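Enquirer:
In the working numbering, the protein residues as written are 9 to 456.
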């Protein structure tokens, strides 16, 4: 039985009930010192399961199966934000940015010095596209590999690049795999010496079908193709190791399986590119003078000369940080979410979620849904009904009716997308099956 824990330090009443369960071992840290937290009441030795039960106007508890859209904010994340709001500016913690970099790096097998902080993954992909555009002159490689129905934040920057180059570059969109095919084989078959860049996710955002980025990364390396990865639906819940993948860029928004608030993307940038690429926006905080001399406004090092201010960038990925002051509320919340995410063993998580979701996959297959059973994730599951049974408009209406019963899933690219987390219970999966069966096939079928 789960026990209530973690007293909240809020003046206003909070409706979230939070439960913790010790299980598994902590994530192995590359920078273990950054797990130490004087603000967080959760020990780094605890594996934390989030239980956000909210009742609204119904006697039924919320059945939230939409983590792939946004995770609920754990009370320790809320508490970090609350404390930050009430923290005066002269008490800002200078180390928080660096802690965030190191915590994220520990989740992807990287080092903190290779992590940039940006406002969104769309910003990060645009940053990559802007730099790759500069490589097009006298370059015979003119194709950009993408997946059919890939998340649009990872597509629009390349569309703009194609338009901006008067169609001298083209998109190479890989269609959905055939029955006996996988995304991995389809992508590798497309990688050749005509490809400039492959912008890919670790899994398709609509149905959870996987791409083996290690194999794809090897193919890209063999053909000198740049690999850009939108890992938003993966980091924190799927094993990711950039040392095995070899991406030029890997970005992840923090508001899904990194358990943070909306408003930030953490971005790995290969150290081979630090001296070659330029930031997307120009500002002083990416310059070495402000990093080494934080109070440099009136110092000799930051004098404005005939040609302006010092142009020397930071010597690491901080060069690519977006402009503006570090958000004193957002950063502590991201830090708290990352501390929770680092407690998750991704392989164990997938195994646990596979067992949890087995009844859902069995039911969906028996009802004629198209369901990938091989090479798939289990924290993001897409089940596609036959189009004549439930066209997209009907699927959206069904989702709205589910919401009225406090069941939250999504519709993406013709699939019902179910995205549980480690707090999801077998009861919730059974409840989803029961209500979705009723909405799709009627009460009579459900009672048989």
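A virtual CB, placed ideally from N, CA and C, is assigned to each residue, including glycine.
All figures in this text were calculated on a predicted structure; none of them were measured in a lab.
Taking 6 Å as the limit between beta carbons, can you name the residues of its chain near residue 420, skipping five residues before and five after?
Expert: Taking the first residue of the chain shown as 1, we reach residue 420 at position 412. Taken in chain order, the residues that qualify are 214.
Enquirer: Tell me which residues share the same chain as residue 403 and place their Cβ nearer than 8 Å to its Cβ, disregarding the 5 neighbours each side in the sequence.
Expert: As a working note, residue 403 is residue 395 in the chain shown. Excluding sequence neighbours, residue 403 sits near 393, 419, 422, 424.
Enquirer: Can you give me the C-alpha to C-alpha distance between residue 190 and residue 430, rounded to a whole angstrom?
Expert: Stepping through the chain shown from its first residue, residue 190 is reached at position 182. Stepping through the chain shown from its first residue, residue 430 is reached at position 422. So the alpha carbons of these two residues sit roughly 27 Å apart.
Enquirer: Measuring CB to CB, does residue 387 end up less than 8 Å from residue 428?
Expert: On the chain shown, position 379 is the one that residue 387 refers to. On the chain shown, position 420 is the one that residue 428 refers to. Cβ distance < 8 Å, so residue 387 and residue 428 count as in contact.
Enquirer: What residue does the alpha helix (DSSP H) around residue 132 start on, and which one ends it?
Expert: Sequence index remark: in the chain shown, residue 132 carries index 124 (1-based). It spans 129 to 141 - the alpha helix (DSSP H) in which residue 132 sits, taken as one unbroken run.
Enquirer: Below 8 Å on the Cβ atoms is my contact criterion, and I expect residue 150 with residue 177 to pass it. Report the Cβ-Cβ distance as a whole number of Å.
Expert: Position 142 of the chain shown, counted from the first residue, corresponds to residue 150. Position 169 of the chain shown, counted from the first residue, corresponds to residue 177. About 5 Å separates the two Cβ atoms, so the contact holds.
Enquirer: For residue 217, which of helix, strand or coil comes out of DSSP?
Expert: The count along the chain shown starts at 1 and reaches residue 217 at position 209. Three-state DSSP puts residue 217 in a strand.
Enquirer: What is the rounded straight-line gap between the Cα of residue 179 and the Cα of residue 126?
Expert: Here residue 179 refers to the residue found at position 171 of the chain shown. Here residue 126 refers to the residue found at position 118 of the chain shown. Going from the Cα of residue 179 to the Cα of residue 126 covers about 25 Å.
Enquirer: Mind checking whether residue 276 and residue 288 have CB atoms under 8 Å apart?
Expert: Residue 276 sits at position 268 when you count from the first residue of the chain shown. Residue 288 sits at position 280 when you count from the first residue of the chain shown. No, these two residues do not count as a Cβ contact at 8 Å.
Enquirer: Would the segment 247 to 262 count as touching the segment 227 to 237 if we require 3 or more Cβ pairs under 8 Å?
Expert: Touching, per the Cβ criterion.
Enquirer: What does DSSP give as the partner residues of residue 124 in its beta bridges?
Expert: Translated into positions along the chain shown, residue 124 becomes position 116. Answer is 275, bridged to residue 124.
Enquirer: Please report the straight-line C-alpha distance between residue 200 and residue 438, rounded to a whole angstrom.
Expert: Within the chain shown, residue 200 is the residue found at index 192, counting from 1. Within the chain shown, residue 438 is the residue found at index 430, counting from 1. Their Cα atoms are separated by approximately 46 Å.
Enquirer: For residue 354, which of 435, 370, 364, 265 has the nearest alpha-carbon?
Expert: As a first step, residue 354 must be located in the chain shown, where it is residue number 346. The shortest Cα separation from residue 354 among 435, 370, 364, 265 belongs to 265.
Enquirer: Chain D beta carbons: is any one of them nearer than 8 Å to that of residue 251?
Expert: This model lacks chain D altogether; it includes just one protein chain.
Enquirer: Measuring straight from C-alpha to C-alpha, what distance separates residue 443 and residue 411?
Expert: One-based indexing of the chain shown puts residue 443 at position 435. One-based indexing of the chain shown puts residue 411 at position 403. So the alpha carbons of these two residues sit roughly 11 Å apart.
Enquirer: Which residues share a DSSP beta bridge with residue 150?
Expert: One-based indexing of the chain shown puts residue 150 at position 142. Its beta-bridge partners do not exist; DSSP assigns none.
Enquirer: Report whether the distance from the Cβ of residue 179 to the nearest heavy atom of the ligand HEM is below 7 Å.
Expert: With respect to the ligand HEM, the structure offers nothing, as it holds no ligand at all.
Enquirer: Just the Cα atoms here: how many angstroms apart are residue 400 and residue 359?
Expert: Counted from its first residue, the chain shown places residue 400 at position 392. Counted from its first residue, the chain shown places residue 359 at position 351. Answer to the nearest angstrom: the Cα atoms are 31 Å apart.
Enquirer: Buried or exposed: where does residue 142 fall if 16 or more other Cβ atoms within 10 Å of its Cβ makes it buried?
Expert: Along the chain shown, read from residue 1 onward, the residue named residue 142 stands at position 134. Per the 10 Å Cβ criterion, exposed.
Enquirer: Out of curiosity, what's the CA-to-CA distance linking residue 329 and residue 398?
Expert: Within the chain shown, the letter at position 321 stands for residue 329. Within the chain shown, the letter at position 390 stands for residue 398. Whole-angstrom Cα-Cα distance: 44 Å.
Enquirer: Quick one: is residue 263 buried, meaning 16 or more other Cβ sit within 10 Å of its Cβ, or exposed?
Expert: Counting from 1 along the chain shown, the entry for residue 263 is found at position 255. So residue 263 ends up on the buried side.
Enquirer: Could you tell me if residue 285 is buried or exposed, where buried requires 16 or more neighbouring beta carbons within 10 angstroms of its beta carbon?
Expert: Locating residue 285 in the chain shown gives position 277, where the first residue counts as 1. Classification of residue 285: buried, given that the 10 Å Cβ count is 16 or more.
Enquirer: Count the other C-beta atoms from every protein chain shown that fall within 10 angstroms of the C-beta of residue 381, then say buried if there are 16 or more, exposed otherwise.
Expert: Counting from one through the chain shown, the residue named residue 381 turns up at place 373. With fewer than 16 other Cβ atoms within 10 Å, it is exposed.
Enquirer: The alpha helix (DSSP H) spanning residue 407 covers which residue range?
Expert: Translated into positions along the chain shown, residue 407 becomes position 399. Residues 400 to 412.
Enquirer: Do you know whose CA, among 346, 415, 356, 211, lies nearest residue 111's CA?
Expert: Here residue 111 is taken as the residue at index 103 of the chain shown, counted from 1. The option with the nearest alpha carbon to residue 111 is 346.
Enquirer: Is the segment 183 to 197 touching the segment 158 to 170, taking contact as three or more C-beta pairs under 8 Å?
Expert: Output reads no: the segment 158 to 170 does not touch the segment 183 to 197.
Enquirer: Short check: CB of residue 209 to CB of residue 272, under 8 Å?
Expert: The residue you call residue 209 lines up with position 201 of the chain shown. The residue you call residue 272 lines up with position 264 of the chain shown. No, Cβ-Cβ distance for residue 209 and residue 272 is not below 8 Å.
Enquirer: Taking the alpha carbon of residue 105 as the point to measure from, which residue in 81, 342, 139, 297 has its own alpha carbon closest?
Expert: Here residue 105 corresponds to residue number 97 of the chain shown, with the count starting at 1. The residue with the shortest Cα to Cα distance from residue 105 is 342.
Enquirer: Taking residue 376 as the reference, which of 366, 391, 362 has the closest Cα?
Expert: The count along the chain shown starts at 1 and reaches residue 376 at position 368. Nearest C-alpha to residue 376: 391.
Enquirer: How far does the beta strand (DSSP E) with residue 178 in it reach, from first residue to last?
Expert: Stepping through the chain shown from its first residue, residue 178 is reached at position 170. Residues 178 to 182.
Enquirer: Output the distance between the C-alpha atoms of residue 139 and residue 229, rounded to the nearest integer angstrom.
Expert: As a working mapping, residue 139 is identified with position 131 in the chain shown. As a working mapping, residue 229 is identified with position 221 in the chain shown. Answer to the nearest angstrom: the Cα atoms are 19 Å apart.
Enquirer: Go through the segment 237 to 268 residue by residue and report every complete run of the alpha helix (DSSP H) that reaches 4 residues or more, in order.
Expert: Listed in chain order, the complete alpha helix (DSSP H) runs (minimum 4 residues) inside the segment 237 to 268 are 250 to 253.
Enquirer: Where does residue 199 fall in DSSP's three states?
Expert: Translated into the one-based positions of the chain shown, residue 199 becomes position 191. Three-state DSSP puts residue 199 in coil, outside helix and strand.
Enquirer: Within 10 angstroms of its Cβ, does residue 206 collect 16 or more other Cβ (buried), or is it exposed?
Expert: Here residue 206 corresponds to residue number 198 of the chain shown, with the count starting at 1. Buried: at least 16 other Cβ atoms inside 10 Å.
Enquirer: To the nearest angstrom, how far is the alpha carbon of residue 97 from that of residue 445?
Expert: In the chain shown, the residue the question calls residue 97 occupies position 89. In the chain shown, the residue the question calls residue 445 occupies position 437. Computed Cα separation, rounded: 54 Å.
Enquirer: Are the beta-carbon atoms of residue 73 and residue 417 separated by less than 8 Å?
Expert: The count along the chain shown starts at 1 and reaches residue 73 at position 65. The count along the chain shown starts at 1 and reaches residue 417 at position 409. Contact flag set, yes.
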